[in-house]
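S.K.: Please find one structure pasted underneath; my questions will follow.
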Amino acid sequence: MGLPDTISFMFLKSLKLVNFRNYSSCNFEFKTPLIILLGNNAQGKSNFLESIYFLSTTKSHKAEKDEELIKKAENFLRVEGQVQNEENNDQTQLEIAMQIVDGNLVKKVKVNGVTRRIVDYIGNLSVVTFSPEDINLVTGSPSLRRWHIDLTLAQIDKEYKKALTEYGEIIIRKNRLLKAIREGIAKIEELNFWVNEQVRLGEIISTKRFKFFNFLNSVEKKFDSFFFEYLQNELSLKRILEYQVREIASATSLIGPHRDDFRFLTGKDKRDLAHFGSRGEHRTAILDLKLSEVSFVESTIGSRPILLLDDVFSELDDTHQEHVLGLVSLQQTIIASVELDPHLKLKLKDASFFFVENGQLNEIVDK
Ligand code: ATP
Ligand code: MG
Numbered sequence: 111m112g113l114p115d116t117i118s119f120m121f122l123k124s125l126k127l128v129n130f131r132n133y134s135s136c137n138f139e140f141k142t143p144l145i146i147l148l149g150n151n152a153q154g155k156s157n158f159l160e161s162i163y164f165l166s167t168t169k170s171h172k173a174e175k176d177e178e179l180i181k182k183a184e185n186f187l188r189v190e191g192q193v194q195n196e197e198n199n200d201q202t203q204l205e206i207a208m209q210i211v212d213g214n215l216v217k218k219v220k221v222n223g224v225t226r227r228i229v230d231y232i233g234n235l236s237v238v239t240f241s242p243e244d245i246n247l248v249t250g251s252p253s254l255r256r257w258h259i260d261l262t263l264a265q266i267d268k269e270y271k272k273a274l275t276e277y278g279e280i281i282i283r284k285n286r287l288l289k290a291i292r293e294g295i296a297k298i299e300e301l302n303f304w305v306n307e308q309v310r311l312g313e314i315i316s317t318k319r320f321k322f323f324n325f326l327n328s329v330e331k332k333f334d335s336f337f338f339e340y341l342q343n344e345l346s347l348k349r350i351l352e353y354q355v356r357e358i359a360s361a362t363s364l365i366g367p368h369r370d371d372f373r374f375l376t377g378k379d380k381r382d383l384a385h386f387g388s389r390g391e392h393r394t395a396i397l398d399l400k401l402s403e404v405s406f407v408e409s410t411i412g413s414r415p416i417l418l419l420d421d422v423f424s425e426l427d428d429t430h431q432e433h434v435l436g437l438v439s440l441q442q443t444i445i446a447s448v449e450l451d452p453h454l455k456l457k458l459k460d461a462s463f464f465f466v467e468n469g470q471l472n473e474i475v476d477k
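Going by our numbering, the first residue of the sequence shown is number 111, and it counts up by one from there.
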């Protein structure tokens with residue numbers, strides 16, 4: 111299947127899994143830009159998509175702990191992939207290995223065979239995922255939404271990732287100092303350094319988040335008309351001073367981007383989708399969020415990321431399914447689903463179909 115000439119995109123050519131979730135060993139070649147994975151429940155469709163996300167970000171969008179990704183009863187995993195940049199034909203070999211050594215998890219990443227720091231590894235492969243759990247982004251906790259923004263931005267922006275990591279460390283150390291001040295074993299002046307650092311790093315983070323939401327709001331929505339409201343927990347020296355007594359009393363940093371949130375608002379009266387939207391509306395809002403993120407990645411790094419769509423068609427009406435069909439050929443896309451209606455299969459005839467069973471993929475020749 112041909113892709114439009116004008117669009118530059120990333121292409122994952124091959125993927126090799128060793129001891130990843132329920133995959134003992136898997137060598138996969140992506141021959142077409144569009145891949146459909148079919149199969150019964152609990153066979154490894156979502157795990158396969160997760161491994162691509164992992165290769166991109168060195169993290170899982172689902173697992174709470176990296177250890178969960180290692181196949182049960184094993185003590186290491188390896189994920190490798192060959193990425194081709196369609197623009198200049200450059201090939202990049204990516205590799206992540208994780209091993210449990212003396213009860214501790216050790217993660218190593220390589221680019222073209224050379225060991226790198228994680229911050230230097232990221233950016234070689236970009237993905238945007240849509241999975242059933244994402245629906246929680248609308249109604250779930252603010253920390254879930256922040257986690258989502260961070261995973262998205264850190265994937266393509268080293269400066270953001272660096273600032274975020276440093277900010278997190280500063281908050282931990284500042285909180286320790288707040289506790290020491292409360293206990294009378296440290297002086298209030300000692301806070302100055304940490305507060306200044308918090309404001310400096312916090313500004314980098316919130317400026318980038320602000321630009322991110324501005325961009326998302328500028329992208330035309332495919333499914334519904336709604337927009338994102340960035341609920342910035344403003345951070346300034348003045349505000350920190352106002353909160354100082356309370357921060358010392360609670361030994362907690364009470365303001366700043368670690369308390370940011372965002373909402374999905376819809377209609378002229380700006381209704382909050384979390385309280386008023388139907389389940390279907392939540393689903394399409396998330397799809398719109400993800401598709402806007404594809405545009406954001408494209409505008410930031412100059413090529414379209416891989417789109418991973420897990421169980422995307424269920425619960426969508428025909429019109430919405432058509433919308434999705436119209437988008438899948440704009441970049442490399444991998445779709446996982448238990449089954450597909452015959453009319454969808456017909457429309458996806460340029461794709462390669464695979465049957466996933468017990469951690470193995472077999473091509474379905476007779477679609
Ligand atoms: P569904 O259609 O229900 O979404 P799926 O094909 O997407 O199914 P996955 O979520 O990819 O299924 O795979 C789930 C299977 O992987 C489960 O049987 C689960 O027990 C297994 N699994 C998850 N983590 C590991 C692990 N670390 N080691 C071995 N097996 C694992
Ligand atoms: Mg699944």
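For glycine and all other residues, C-beta sits at the position ideal for the given N, C-alpha and C.
Identify the continuous alpha helix (DSSP H) that holds Ser328 and give its terminal residues.
M.R.: Counting from 1 along the sequence shown, the entry for residue 328 is found at position 218. Taken as a continuous stretch (DSSP letters only), the alpha helix (DSSP H) holding Ser328 covers 301-328.
S.K.: Compute every distance between the C-beta of Asp421 and the non-hydrogen atoms of the ligand MG, then say whether any falls below 8 Å.
M.R.: Within the sequence shown, the letter at position 311 stands for residue 421. Yes - the ligand MG has a heavy atom lying nearer than 8 Å to the Cβ of Asp421.
S.K.: With 16 other CB atoms within 10 Å as the buried threshold, where does Glu160 fall?
M.R.: Numbered from its first residue, the sequence shown carries residue 160 at position 50. The residue is buried, with at least 16 neighbouring Cβ atoms inside 10 Å.
S.K.: With a threshold of 8 Å on Cβ separation, who are the neighbours of Phe240 within its own chain once the five nearest residues in sequence on each side are excluded?
M.R.: What you label residue 240 is simply residue 130 of the sequence shown in a count that begins at 1. So the list reads Ile396, Leu397, Lys400, Leu417, Leu418, Leu419, Asp420, Val422, once near-sequence residues are dropped.
S.K.: In angstroms, rounded to a whole number, what distance separates the CA positions of Lys318 and Pro452?
M.R.: Indexing the sequence shown from 1 puts residue 318 at position 208. Indexing the sequence shown from 1 puts residue 452 at position 342. Rounded to the nearest angstrom, the two C-alpha atoms are 44 Å apart.
S.K.: Tell me the rounded alpha-carbon separation between Ser462 and Glu190.
M.R.: In the sequence shown, the residue the question calls residue 462 occupies position 352. In the sequence shown, the residue the question calls residue 190 occupies position 80. Answer to the nearest angstrom: the Cα atoms are 21 Å apart.
S.K.: Buried or exposed: where does Met111 fall if 16 or more other Cβ atoms within 10 Å of its Cβ makes it buried?
M.R.: Working through the sequence shown from its first residue, we reach residue 111 at position 1. Note on Met111: pLDDT 45, under 50, position unreliable in the model; the coordinate value appears next. Its Cβ having fewer than 16 others within 10 Å, Met111 is exposed.
S.K.: May I ask you to list the residues that DSSP assigns as paired with Lys220?
M.R.: Taking the first residue of the sequence shown as 1, we reach residue 220 at position 110. Paired residues: Glu205, Thr225.
S.K.: Just to confirm, are Phe323 and Gly377 a CB contact at a threshold of 9 Å?
M.R.: Here residue 323 refers to the residue found at position 213 of the sequence shown. Here residue 377 refers to the residue found at position 267 of the sequence shown. Not a contact, by the Cβ cut-off of 9 Å.
S.K.: Could you pull out every residue in the same chain whose Cβ sits closer than 7 Å to the Cβ of Ser405, ignoring the five residues on either side in sequence?
M.R.: Within the sequence shown, the letter at position 295 stands for residue 405. Here the set comprises Val329.
S.K.: Alpha carbon to alpha carbon, how far is Leu144 from Ile444? Give it in angstroms, no decimals.
M.R.: Reading the sequence shown from its first residue, position 334 is the one you call residue 444. Reading the sequence shown from its first residue, position 34 is the one you call residue 144. Cα-Cα distance, rounded: 6 Å.
S.K.: Measuring from the CB of Glu155, is there a heavy atom of the ligand MG at a distance below 8 Å?
M.R.: Here the question's residue 155 lines up with position 45 in the sequence shown. Sequence inspection shows Lys at residue 155; the Glu mentioned does not correspond to that position. True, at least one ligand heavy atom lies under 8 Å from that Cβ.
S.K.: Given Val216, which residues of its chain have a CB within under 8 Å of its CB, disregarding the five upstream and five downstream residues?
M.R.: Locating residue 216 in the sequence shown gives position 106, counting from the first residue. For Val216, where only same-chain residues beyond five positions count, the Cβ hits under 8 Å are Met208, Gln209, Ile210.
S.K.: Return the residue from the list Tyr340, Phe325, Ser316 that minimises the CA-CA distance to Ser346.
M.R.: Your numbering for residue 346 matches position 236 in the sequence shown. When each option's Cα is compared against that of Ser346, the closest is Ser316.
S.K.: When the Cβ atoms of the region 353-365 are set against those of the region 285-292, are three or more pairs found closer than 8 Å?
M.R.: They touch, by the three-pair rule.
S.K.: Give a single yes or no on whether Ala446 has its beta carbon closer than 8 Å to a heavy atom of the ligand FAD.
M.R.: Here the bound small molecules are the ligand ATP and the ligand MG; the ligand FAD is not part of this structure.
S.K.: So what's Arg131 in DSSP terms, helix, strand or just coil?
M.R.: If you number the sequence shown from 1, residue 131 lands on position 21. DSSP places Arg131 in coil when its eight states are reduced to three.
S.K.: Quickly, what does DSSP pair Tyr231 with across the bridge? List them, please.
M.R.: As a first step, residue 231 must be located in the sequence shown, where it is residue number 121. DSSP output for Tyr231 lists no bridge partner at all.
S.K.: Give, in chain order, every unbroken run of the beta strand (DSSP E) that is at least 3 residues long and sits entirely within the region 404-469.
M.R.: If we require 3 residues or more, the beta strand (DSSP E) runs fully inside the region 404-469 come out as 416-420, 443-447, 462-467.
S.K.: Hey, out of Lys169, Glu196, Asn195, Gly223, whose CA is closest to Glu205's CA?
M.R.: Along the sequence shown, one-based indexing puts residue 205 at 95. The shortest Cα separation from Glu205 among Lys169, Glu196, Asn195, Gly223 belongs to Gly223.
S.K.: Enumerated in chain order, which unbroken segments of the beta strand (DSSP E) with a length of 3 residues or greater are wholly contained in the region 124-174?
M.R.: Runs of the beta strand (DSSP E) inside the region 124-174: 133-139, 144-148.
S.K.: Where does Val475 sit, in a helix, a strand or coil, going by DSSP?
M.R.: For this step, residue 475 is matched to residue 365 along the sequence shown. Note: Val475 maps to coil in three-state DSSP.
S.K.: Beta strand (DSSP E) containing Thr239: first to last residue?
M.R.: Within the sequence shown, numbered from 1, the residue matching residue 239 stands at position 129. That run of the beta strand (DSSP E) goes 237-240.
S.K.: Specify the secondary structure class of Asp382 as computed by DSSP and reduced to three states.
M.R.: As a working note, residue 382 is residue 272 in the sequence shown. Residue state, collapsed to three classes: strand.
S.K.: Confirm, please, whether the CB-CB distance from Gln203 to Lys220 is below 9 Å.
M.R.: As a first step, residue 220 must be located in the sequence shown, where it is residue number 110. As a first step, residue 203 must be located in the sequence shown, where it is residue number 93. Yes. Within cutoff.
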